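Here is the structure we will look at, set down as structure tokens.
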Amino acid sequence: EPEVTQTPSHQVTQMGQEVILRCVPISNHLYFYWYRQILGQKVEFLVSFYNNEISEKSEIFDDQFSVERPDGSNFTLKIRSTKLEDSAMYFCASKGTAYGYTFGSGTRLTVV
Amino acid sequence: AQSVTQPDIHITVSEGASLELRCNYSYGATPYLFWYVQSPGQGLQLLLKYFSGDTLVQGIKGFEAEFKRSQSSFNLRKPSVHWSDAAEYFCAVGSYNTDKLIFGTGTRLQVFP
Chain A
1 EPEVTQTPSH QVTQMGQEVI LRCVPISNHL YFYWYRQILG QKVEFLVSFY NNEISEKSEI
61 FDDQFSVERP DGSNFTLKIR STKLEDSAMY FCASKGTAYG YTFGSGTRLT VV
Chain B
1001 AQSVTQPDIH ITVSEGASLE LRCNYSYGAT PYLFWYVQSP GQGLQLLLKY FSGDTLVQGI
1061 KGFEAEFKRS QSSFNLRKPS VHWSDAAEYF CAVGSYNTDK LIFGTGTRLQ VFP
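Line by line, the protein sequences give chains A and B. For the first sequence, the residue numbers in the numbering used here are 1 to 112. For the second sequence, the residue numbers in the numbering used here are 1001 to 1113.
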């Protein structure tokens, strides 16, 4: 069964540093997403991406965040100048037709 | 406002017992409803989804859910729980006119032998 692959599985970074979280969506999917889950809390939508542009974003997704599909296969989330409160599990998802979301296994980001 | 409520934070059942996890939603448009399961350190695995049609939906691992529009509910059920079902379960809602899913806070299921 096709999978969404996320790397790394765990990333530790110092406060103020930039991080890039990487995702390889399912190859024939056209819609891409990032969600996050702060420890013990619910999964929250960050951003959706279609046709090489952001189609929807939440209030969480401020200027600190950016997304990119640099090479037609990868989908990245960049967090500039990380803060302690950015520590969370970040999930990538992709969607083909209809409402078939597939989520990756997540990247746990720890900001120290 | 759009929201999903999972009233039970933590449920404990004995192996072999039946299970029902509750989910209520508040959503202006016609909802699409989902149940996901998350094992520790793992991603979100789709158990089942409802878009339209038959209100009783069958999913993987022996789970089913019933959409009740009058009660704004989409409860997840399993007739006989296995120890491997211990995990966190999330209900989520979306719609045709939005690109995002709204998740509930989750229910942690513990299974005793």
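Note that CB positions come from ideal geometry on N, CA and C, so glycine has one too. From a predicted model like this one, the values you see are computed outputs, not experimental measurements.
Span of the beta strand (DSSP E), counted from its first residue to its last, around residue i
{"i": "B:G1094", "result": "A1087 to G1094"}
{"i": "B:S1026", "result": "N1024 to S1026"}
{"i": "B:Q1058", "result": "L1056 to Q1058"}
{"i": "B:F1112", "result": "T1107 to F1112"}
{"i": "B:K1049", "result": "Q1045 to Y1050"}
{"i": "A:L21", "result": "V19 to V24"}
{"i": "A:F32", "result": "Y31 to Q37"}
DSSP state of residue i mapped onto helix, strand, coil
{"i": "A:S48", "result": "strand"}
{"i": "B:Q1002", "result": "coil"}
{"i": "B:S1072", "result": "coil"}
{"i": "B:I1009", "result": "coil"}
{"i": "B:K1078", "result": "strand"}
According to DSSP, residues forming a beta bridge with residue i
{"i": "A:L109", "result": "A:Q11 and A:A88"}
{"i": "B:E1015", "result": "In DSSP, B:E1015 forms no bridge with anything."}
{"i": "A:F103", "result": "A:A93"}
{"i": "A:T5", "result": "A:V24"}
{"i": "B:F1103", "result": "B:A1092"}
| Of all the alpha helix (DSSP H) runs that stay within the bounds of the segment 55–94 of chain A, which reach a length of 4 or more residues? | DSSP runs (the alpha helix (DSSP H)) wholly in the segment 55–94 of chain A: none.
| task | Could you list the residues in the segment 1095–1106 of chain B with a C-beta less than 9 Å from some C-beta on chain A, going in chain order? | result | Of all residues in the segment 1095–1106 of chain B, Y1096, T1098, D1099, K1100, L1101, I1102, F1103, G1104, T1105 and G1106 have a Cβ within less than 9 Å of some Cβ in chain A.
| request: With 9 Å as the C-beta to C-beta threshold (strictly closer), list the residues of the segment 95–106 of chain A near chain B in chain order. | output: So the close ones are K95, A98, Y99, G100, Y101, T102, F103, G104, S105 and G106.
| message | For the segment 1040–1064 of chain B, list every residue whose C-beta sits within 9 Å of some C-beta in chain A, in sequence order. | response | Those would be G1041, Q1042, G1043, L1044, Q1045, L1046, K1049 and F1051, in chain order.
| query | For the segment 1079–1096 of chain B, which residues have a beta carbon sitting closer than 9 Å to at least one beta carbon of chain A? | reply | Within the segment 1079–1096 of chain B, the residues whose Cβ lies closer than 9 Å to any Cβ of chain A are, in chain order, F1090, A1092, G1094 and Y1096.
| task | Report the residues of the segment 69–96 of chain A with a CB closer than 7 Å to any CB of chain B, ordered along the chain. | result | Residues F91.
| In the segment 38–50 of chain A, which residues sit with their C-beta less than 8 Å from some C-beta in chain B, listed in chain order? | Residues passing the 8 Å Cβ filter: Q41, K42, V43, E44, F45, S48 and Y50.
| What residues from the segment 51–62 of chain A come within 8 Å of chain B, judged by C-beta to C-beta, listed N to C? | Residues S55, E56 and S58.
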